[in-house]
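Every number in this note's numbering is 7 more than the matching position in the sequence shown, counting from 1.
Ideal Cβ positions, reconstructed from N, Cα and C, are used throughout, including at glycine.
In what follows, a structure is listed as structure tokens, so that the remarks can point back to it.
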Amino acid sequence: MDRRQFVSTVVGVTAGAMTVRPGTATGARSGSTELPTRRLGQSDLVLPILSLGGFHVGRAGSEGDARRLVETAVEEGIRLFDNAESYQSGRAERWVGAALEGMRHEVLLMSKTFNLEQRSAESARRHLEGSLERLRTDYLDLWQLHSIRSVEDVDRAFRAGGAMEYILGAKEQGLVRYVGVTGHVTPAAHRRALEYWDRGFKFDAMQLPLNPIDYHQQSFQQEGLPHIVQRGIGVIAMKTSAQAALLRERICTIDECLRYVWSLPIAVAVVGMERPQEVRHNARQAREFTPMSAAELDALRQRIQSQARLQLEWYKR
Numbered sequence: 008m009d010r011r012q013f014v015s016t017v018v019g020v021t022a023g024a025m026t027v028r029p030g031t032a033t034g035a036r037s038g039s040t041e042l043p044t045r046r047l048g049q050s051d052l053v054l055p056i057l058s059l060g061g062f063h064v065g066r067a068g069s070e071g072d073a074r075r076l077v078e079t080a081v082e083e084g085i086r087l088f089d090n091a092e093s094y095q096s097g098r099a100e101r102w103v104g105a106a107l108e109g110m111r112h113e114v115l116l117m118s119k120t121f122n123l124e125q126r127s128a129e130s131a132r133r134h135l136e137g138s139l140e141r142l143r144t145d146y147l148d149l150w151q152l153h154s155i156r157s158v159e160d161v162d163r164a165f166r167a168g169g170a171m172e173y174i175l176g177a178k179e180q181g182l183v184r185y186v187g188v189t190g191h192v193t194p195a196a197h198r199r200a201l202e203y204w205d206r207g208f209k210f211d212a213m214q215l216p217l218n219p220i221d222y223h224q225q226s227f228q229q230e231g232l233p234h235i236v237q238r239g240i241g242v243i244a245m246k247t248s249a250q251a252a253l254l255r256e257r258i259c260t261i262d263e264c265l266r267y268v269w270s271l272p273i274a275v276a277v278v279g280m281e282r283p284q285e286v287r288h289n290a291r292q293a294r295e296f297t298p299m300s301a302a303e304l305d306a307l308r309q310r311i312q313s314q315a316r317l318q319l320e321w322y323k324r
């Protein structure tokens, strides 16, 4: 199938997939490639529960490999495409933008802004301009403050003239539909950002690492997730297998990791997938998903508790 045929086929098949009414959650129809959907917090975004991680698209062996990965994701019902201006110095955005050209109204694009030293409005502005150009779009569906590291880092980003000031302004200007905050080092940073949310910085989403091993140390599930959900903010899970450490160490299977995370009060899991067969496998798990009971969740956590160590979750240091 050539490029024009692919776009035509996908647009025809998926045109109805983005019209689920806001506030609803649906399961996949038997025999279809649609994925179950959930609403992102209080927004009107109804998302398939599986998203393709942009960092891994940028690590593909070639642009052709990246295109095949993205096209497989679309074929399998994935609609939200994660990214960041910092991934491979913009290459991930360029490759995703090229692969999705002609399908802008059938997909949802998100990206992030990261400048640890400055966290300034000006750096955020430059990042957004670059992201829009590389992704070949004039707006983002979700744009996030990337990788908050500490309470002090959050204070820097939320100060007058800080990055968050521009991020919220970009939403008012219509350059982005929704905005959020991401981080994977400490839940204390997320809680600090929530203090600013309480003061009027009303972002729509938070992205955080969630997986079975997280529960046992510097736990985002225990020390961050309840506070986010309480405020009605949309939750995006990442590092669902602790950046594949749980798989390499044979502590959990990918199926266990995904089922665990989807059983939490999240909207979508961003998963790093580098081969089309991984996309197909994980999409199948999404379509066949049934929630874990409280007893099943606890049993999995107890089974792996003795193996919990920060070396597995290196990104928390």
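Helix, strand or coil at residue i according to DSSP, with G and I counted as helix
| i | result |
| --- | --- |
| M171 | helix |
| Q309 | helix |
| D148 | strand |
| P298 | coil |
| V192 | coil |
| L54 | strand |
| S138 | helix |
| S127 | strand |
| P272 | coil |
| G207 | coil |
Per DSSP, cross-strand counterpart(s) of residue i
| i | result |
| --- | --- |
| F88 | L59, L116 |
| Y185 | L149 |
| M278 | It is worth fixing the name first, because residue 278 is Val in this sequence and not Met. DSSP, once it has assigned bridges, lists L59 as partnering V278. |
| T33 | T44 |
Exposure of residue i, with buried meaning 16 or more beta-carbon neighbours within 10 Å
| i | result |
| --- | --- |
| P272 | exposed |
| P216 | buried |
| Q229 | exposed |
| R141 | buried |
| D205 | exposed |
| H223 | buried |
| A249 | buried |
Host alpha helix (DSSP H) of residue i (start-end)
| i | result |
| --- | --- |
| L254 | 252-255 |
| I235 | 232-237 |
| I7 | There is simply no residue 7 to check, as the chain begins at 8 and stops at 324 in what is shown. |
| F165 | 158-165 |
| R98 | 98-106 |
| D72 | 70-82 |
Residue range of the beta strand (DSSP E) that includes residue i
| i | result |
| --- | --- |
| P216 | 212-216 |
| T44 | 44-46 |
| I243 | 241-245 |
Integer-rounded CB distance, given that residue j should sit under 8 Å from residue i
| i | j | result |
| --- | --- | --- |
| V81 | V64 | Going by Cβ atoms, the distance from V81 to V64 rounds to 12 Å, so no, they are not a contact pair. |
| D145 | V186 | The pair is not a contact, with the Cβ atoms about 17 Å apart (cut-off 8 Å). |
| L87 | M280 | The pair is not a contact, with the Cβ atoms about 13 Å apart (cut-off 8 Å). |
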